[in-house]
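Chains as they are written, first to last, in our numbering: chain H, 5 to 157; chain R, 4 to 509. Encoded as structure tokens, the structure appears first; notes follow it.
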């Protein structure tokens, strides 16, 4: 018997099957049909069940698909760049509670320019500071939009 | 209010200085994001939506709609000069537009794209004005079962036309439905899928998902390094941009084809401007006296798809404003905008909000004229935007996304959700899951559940209420739509078997 290949479709199908199972199990704890009609468990039971069935079809189909029809190979270097950007974005959000919007956004911009775009510091630092000041003035001062304040400043 | 008096009222609304300013801002922003590859109208409208809450709704709607149709004008510029579609709907324009540019006819290609967009875009607005009011009157007979069936059909059409894999489109839509049911159930106050988080009791705001999936997801997807493609120079001077009389003669049918096909496809929820442009290109090639020239720089191959994707805008607004059914991710965000501003798009929308509806229609006439001006003499200026480096654009997109989400609820938890949905959007792109069904499932999920539960309450739990003529017809139509890929597959297998049998018994 052929060993199933580990593909994106297989992994995402399994994850969605798990999500569908969770939805159905949770919905089982809520009223399906009450005296006034359908309860809060009615709709999730149906879409959760359909999600389980369809995701299992995806899993089976991708596991036993011929190698030629498998998804294109993953370029891990590119994925790594996207994840690095995402982690810096998450770090920027986490820092906002401490150092506020302007400083954390400046750090995010500096990081993206220095490590993702590989620009020299004479470009990255002024651009990061200028961008943060522009955002602060435009949104907070001129448009009076509420921006996160930090504990430190 | 009849159509002429409605239109007069609309021009009164749309020609106020504030509304005109919003229209100019919208079409300029639309053209800019249309020219920039990788940043679409969905992401832009989603990012700007929270900032519109302080604006007067008619002006805000005029601006967001301007971004929507302005992006379609701008999308052709990069298709013709770079062979890179600025918008999905401009993919077809690359085929002949870039070939024309390579042959030294970039000017007439850009000019014809703008003129065809103007003619068909204006046709789309006229048709919207004529079709929407009677359709709204017809749908006044709708109650919960009809709405439920209509939403099922809308979703069925979207998943059918959303991408290469129906299975993945359906799964994306189901995830959208799940996200829509997170929070407190309005009928029974039961908490659903809140993971013990107080912040999730009120549900997840649509805007967080939309900005995360479209804007942040787009940045993550585009940040992988690429060599910038070489741009064909834009001819200077308006005279060099104008097509010849012979070009106009060749494009007579393309104007009509693009206008009619674009509008009709736009009315169908889920079809979208990309499909409209492909179909009108196909028709144009099929009826052309010179089909061999298509793909080598035929000017009709630019006029038909560009006209079609602009006429589609008027068509797409018909189901959005008269039935409350969005046909694409961008119109889903516009629907969410209307709901967030406190309006209820549907059969009563035109009757209850004449200033908003007719103001929008009138602004689209004005917007199309503005876009013709922007995209003929100023095209060279906008083309330079392609040179703006990504390291300038990406921090700006991320910053506006953060500001947009935080301004909505002043919650850092929401920013965490934004990052999570950004990752989801990136994952969906990488794994070829279409994002439009997720957004539409999210937008339609709560009203669809409400309509279904109200219907079943009306019938004491009996599904027979869905067998009334209108819902039954709509549900059968939805089932047939979902069955089309299955029928196609069975037919392909049948043809393969017949071919094999013929091969064995020649």
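Where a beta carbon is used, it is the ideal one built from N, C-alpha and C, also for glycine.
Rounded C-alpha distance that separates residue i from residue j
{"i": "residue 328 of chain R", "j": "residue 43 of chain R", "result": "21 angstroms"}
{"i": "residue 64 of chain R", "j": "residue 500 of chain R", "result": "54 angstroms"}
{"i": "residue 16 of chain H", "j": "residue 22 of chain H", "result": "10 angstroms"}
{"i": "residue 155 of chain R", "j": "residue 58 of chain R", "result": "33 angstroms"}
{"i": "residue 262 of chain R", "j": "residue 95 of chain R", "result": "16 angstroms"}
{"i": "residue 133 of chain H", "j": "residue 311 of chain R", "result": "44 angstroms"}
{"i": "residue 270 of chain R", "j": "residue 364 of chain R", "result": "16 angstroms"}
{"i": "residue 419 of chain R", "j": "residue 408 of chain R", "result": "10 angstroms"}
{"i": "residue 504 of chain R", "j": "residue 169 of chain R", "result": "30 angstroms"}
{"i": "residue 175 of chain R", "j": "residue 445 of chain R", "result": "10 angstroms"}
{"i": "residue 460 of chain R", "j": "residue 42 of chain H", "result": "7 angstroms"}
{"i": "residue 27 of chain H", "j": "residue 146 of chain R", "result": "29 angstroms"}
{"i": "residue 512 of chain R", "j": "residue 84 of chain H", "result": "There is simply no residue 512 of chain R to check, as chain R begins at 4 and stops at 509 in what is shown."}
{"i": "residue 71 of chain R", "j": "residue 33 of chain R", "result": "6 angstroms"}
{"i": "residue 314 of chain R", "j": "residue 128 of chain H", "result": "43 angstroms"}
{"i": "residue 438 of chain R", "j": "residue 276 of chain R", "result": "16 angstroms"}
{"i": "residue 5 of chain H", "j": "residue 180 of chain R", "result": "Reliability fails at residue 5 of chain H, whose pLDDT of 44 lies under 50, so the model's placement of it is uncertain and no value is given."}
{"i": "residue 126 of chain R", "j": "residue 184 of chain R", "result": "40 angstroms"}
{"i": "residue 452 of chain R", "j": "residue 131 of chain R", "result": "29 angstroms"}
{"i": "residue 2 of chain R", "j": "residue 249 of chain R", "result": "This structure cannot speak to residue 2 of chain R, because chain R is shown only from 4 to 509."}
Chain R contact residues for residue i, given Cβ-Cβ distances below 7 angstroms
{"i": "residue 94 of chain H", "result": "422"}
{"i": "residue 16 of chain H", "result": "434"}
{"i": "residue 104 of chain H", "result": "Near residue 104 of chain H there are no residues of chain R at all, since even the closest Cβ is about 11 angstroms away, more than 7 angstroms."}
{"i": "residue 143 of chain H", "result": "406"}
{"i": "residue 112 of chain H", "result": "398 and 401"}
Exposure label - residue i; buried when at least 16 CB within 10 Å
{"i": "residue 494 of chain R", "result": "exposed"}
{"i": "residue 288 of chain R", "result": "buried"}
{"i": "residue 465 of chain R", "result": "exposed"}
{"i": "residue 376 of chain R", "result": "exposed"}
{"i": "residue 161 of chain H", "result": "The requested residue 161 of chain H is not part of the displayed model; chain H covers only 5 to 157."}
{"i": "residue 128 of chain R", "result": "buried"}
{"i": "residue 257 of chain R", "result": "buried"}
{"i": "residue 25 of chain R", "result": "buried"}
{"i": "residue 204 of chain R", "result": "exposed"}
{"i": "residue 300 of chain R", "result": "buried"}
{"i": "residue 13 of chain H", "result": "buried"}
The alpha helix (DSSP H) enclosing residue i, as first and last residue numbers
{"i": "residue 368 of chain R", "result": "357-378"}
{"i": "residue 304 of chain R", "result": "303-326"}
{"i": "residue 8 of chain R", "result": "6-17"}
{"i": "residue 134 of chain H", "result": "125-139"}
{"i": "residue 224 of chain R", "result": "220-225"}
{"i": "residue 417 of chain R", "result": "415-433"}
{"i": "residue 120 of chain R", "result": "109-141"}
{"i": "residue 248 of chain R", "result": "248-253"}
{"i": "residue 32 of chain H", "result": "12-32"}
{"i": "residue 457 of chain R", "result": "439-461"}
Cβ of residue i within 7 angstroms of any chain H Cβ
{"i": "residue 226 of chain R", "result": "yes"}
{"i": "residue 496 of chain R", "result": "no"}
{"i": "residue 184 of chain R", "result": "yes"}
{"i": "residue 7 of chain R", "result": "no"}
{"i": "residue 429 of chain R", "result": "yes"}
{"i": "residue 409 of chain R", "result": "yes"}
{"i": "residue 223 of chain R", "result": "yes"}
{"i": "residue 72 of chain R", "result": "no"}
Under 8 angstroms from the C-beta of residue i: neighbouring residues of chain R
{"i": "residue 135 of chain H", "result": "398, 399 and 402"}
{"i": "residue 139 of chain H", "result": "402 and 406"}
{"i": "residue 58 of chain H", "result": "170, 173, 174 and 177"}
Chain-ordered chain H contacts of residue i [CB-CB under 9 angstroms]
{"i": "residue 193 of chain R", "result": "34, 35, 43, 44 and 45"}
{"i": "residue 460 of chain R", "result": "40, 41 and 42"}
{"i": "residue 188 of chain R", "result": "34, 43 and 44"}
{"i": "residue 216 of chain R", "result": "Residues of chain H passing the Cβ test: none, with the nearest at roughly 13 angstroms."}
CB contact check: residue i to chain R, cutoff 7 angstroms
{"i": "residue 68 of chain H", "result": "no"}
{"i": "residue 153 of chain H", "result": "no"}
{"i": "residue 22 of chain H", "result": "no"}
{"i": "residue 149 of chain H", "result": "yes"}
{"i": "residue 11 of chain H", "result": "no"}
{"i": "residue 146 of chain H", "result": "no"}
{"i": "residue 116 of chain H", "result": "yes"}
Partner residues on chain H for residue i, Cβ-Cβ distance less than 7 angstroms
{"i": "residue 196 of chain R", "result": "30"}
Chain H contact residues for residue i, given Cβ-Cβ distances below 8 angstroms
{"i": "residue 181 of chain R", "result": "23, 27, 48, 51, 52 and 55"}
{"i": "residue 456 of chain R", "result": "41, 42, 46 and 47"}
{"i": "residue 425 of chain R", "result": "90 and 93"}
Per-residue contacts from residue i into chain R (C-beta, under 9 angstroms)
{"i": "residue 119 of chain H", "result": "In chain order: nothing, as chain R lies at least about 11 angstroms away."}
{"i": "residue 97 of chain H", "result": "405, 415, 418, 419, 421 and 422"}
Contacts of residue i in chain A (Cβ-Cβ under 7 angstroms)
{"i": "residue 63 of chain H", "result": "Of the protein chains in the structure, H and R, none is chain A."}
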